[in-house]
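Each remark here refers to the structure printed beneath this line.
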Amino acid sequence: MSPTAPLYRRWEIGAFIPGDPMAPERSTEFVRAHGMKWLAMAEFARAIPQLDLERLRHPRALSPSELVKDNTARTVARAPDPLEPAGPGLYMKRYKFRDLKHRIRHLIVPSKPVKEWRVCRALQRAGIPTCDVLAIAVRRRRLLPREGFLASREIEGAVPLRQFLSEGLAEAEARNPGFRRELIEELADVTARLVNSGFYHYDYHAENLPVRPSAPAGRRVFVTDLHSIRRRRVRRRHLRRMLAMLATSTAAAGATQLDRARFLRVFLRRWADGPGFSPEAAKRWTAWIRATAHSLRQRQMRSRTRRCLLESSLFTSEKAGGFLIHRRRDFPTEAALAVTRLHAEAVAGHTAPVEVFRKGRRTEVSVCPCEAVPPRTLHQPDYGGPPGPGRA
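The following block contains the structure:
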């Protein structure tokens, strides 16, 4: 690649110039297929023309077993490996550059497929177990990116840590009484190796840590969600965030206080820049993690609510009745306006079949009858209020 090449090309391919510290050690090839130039592992290059990208562009045609995720940023689906249909499958990602702002941004900033490729290679060189990114490509028009693709190898036999803790840990302990201790120590070791190697994972929770229960001890835990990893010095505030996210997500799946104490003890001993383990250090870090977790929960509720309303394909926005309404697509505008009127009448003191739970200076909360309320889904936060259909 010439040093005078356009800036966007140097960002996209620049990591692979010989001598670059981020250059991959395994053999790679450039392949022209599907109207794009792909960067691929040599052993996977001949599979690229056989990939079915059109199915990724129409996620509604995918079966539930194939579709993993579909939102405004990316579509993720499972697919068989064209070269080994009976072997481990592939995870195919299609990245969406939603608007002109995002497209212009990626003239300077590396695109998500390139970021994941670089991070995967860096993790592998550091000896940190992760998924294997096999190929990437970005389609451009007039220099601006339009869509990106990434193919990675499935981690055969792995399930998310959250699912394993709630569904599979008891069975694994029945076969091996020391399994829980081995898993905690390996999770602490992987976390320490991430931090010691200069990787900051800003979405470090139990869904992004697959576990392969059938593997031998020390080879069970993997790190995924590579676009959420940054190469940087991991400061203590970053580390507190990582540990708080992990503690919160595993506690929701059944991890105990004793499990967290054992994890922290092993981590402090293996963290290269840390104070080492002592009862005082463990007590201090436990308090910091608890405080950070509380702050994260508050921020997460605000950000997830906003993201659902403004970005999720499950929601839409429109103006009606003097309001800007953010609503689920299966909840009619007329129903939203009707419950708003009922709420206003109840708060004003008029007779209405409405239960007013809070009537304060800044906030009013009520439960109104409404037959149009759709059933609760996993996309909706559970505020702990009265249940589902027929009430809003």
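For reference, each letter of the sequence shown is one residue, going 10 to 401 in our numbering.
Yeah, the Cβ is synthetic: ideal placement off N, Cα and C, and Gly gets one too.
What are the residues that DSSP puts in a beta bridge with residue i?
i    : result
L159 : K102 and I145
P138 : BP columns for P138 are empty, so no partner.
T219 : The residue you asked about is not Thr; residue 219 is Pro in the sequence shown. DSSP lists P169 as partners of P219.
S375 : V365
T37  : M50
D79  : T84
H247 : H247 is not bridged to any residue.
A42  : M45
P154 : R149
Classify residue i as helix, strand or coil using the three-state DSSP reduction.
i    : result
L92  : coil
E380 : coil
T325 : strand
P58  : helix
D268 : helix
F188 : helix
R308 : helix
I238 : strand
R64  : coil
L333 : strand
F208 : strand
R228 : coil
W280 : coil
S175 : helix
I298 : helix
S258 : helix
P119 : coil
V128 : helix
L71  : coil
A181 : helix
At a Cβ threshold of 8 angstroms, is residue i touching chain B?
i    : result
P225 : As a matter of chain content, chain B is missing from the structure shown, which is built from one protein chain.
Tell me, to the nearest whole angstrom, how far the beta carbon of residue i is from that of residue j; I am working on the premise that it is less than 8 angstroms.
i    : j    : result
V275 : E194 : 5 angstroms
V356 : V348 : Rounded, the Cβ-Cβ distance is 12 angstroms, inconsistent with contact.
T84  : T233 : Contact flag wrong, Cβ pair sits at about 17 angstroms.
F53  : R103 : In fact, because the Cβ distance is near 18 angstroms, the residues do not count as touching under 8 angstroms.
C129 : L60  : Incorrect: roughly 18 angstroms between the Cβ atoms, too far for contact.
L346 : A329 : 6 angstroms
R249 : T301 : 5 angstroms
Y100 : S161 : 5 angstroms
L277 : A290 : 6 angstroms
A201 : R271 : Contact doesn't hold; Cβ gap of about 14 angstroms is too wide.
S267 : I298 : The displayed chain sequence assigns Leu, not Ser, to residue 267. 15 angstroms between Cβ atoms; not a contact.
A135 : S237 : About 17 angstroms separates the two Cβ atoms, so there is no contact after all.
V374 : R367 : 4 angstroms
Would a C-beta distance cut-off of 8 angstroms place residue i and residue j closer than the cut-off?
i    : j    : result
R269 : A281 : no
G98  : D90  : yes
P169 : P219 : yes
V243 : L196 : no
T225 : A181 : Residue 225 is actually Pro in this sequence, not Thr. No, Cβ-Cβ distance for P225 and A181 is not below 8 angstroms.
T259 : A215 : yes
E38  : A49  : yes
E165 : K105 : no
R241 : Y213 : no
K46  : A146 : yes
E327 : I334 : yes
A42  : P58  : yes
P154 : S120 : yes
A88  : V77  : no
When you compare each of the options to residue i by their alpha carbons, which one comes out closest?
i    : options                   : result
M254 : S326, A290 and N217       : N217
A82  : L65, G330 and E176        : L65
Y211 : R228, H247 and R184       : H247
I137 : L203, Q307, A167 and F332 : L203
F340 : I117, E354 and F324       : F324
F173 : R35, G263, K78 and A353   : G263
A144 : L178, C377 and E125       : E125
Is any non-hydrogen atom of the ligand HEM found closer than 7 angstroms to the C-beta of residue i, if you look at the structure I gave you?
i   : result
G44 : As presented, the structure is devoid of all ligands, the ligand HEM included, so that no description of it is given.
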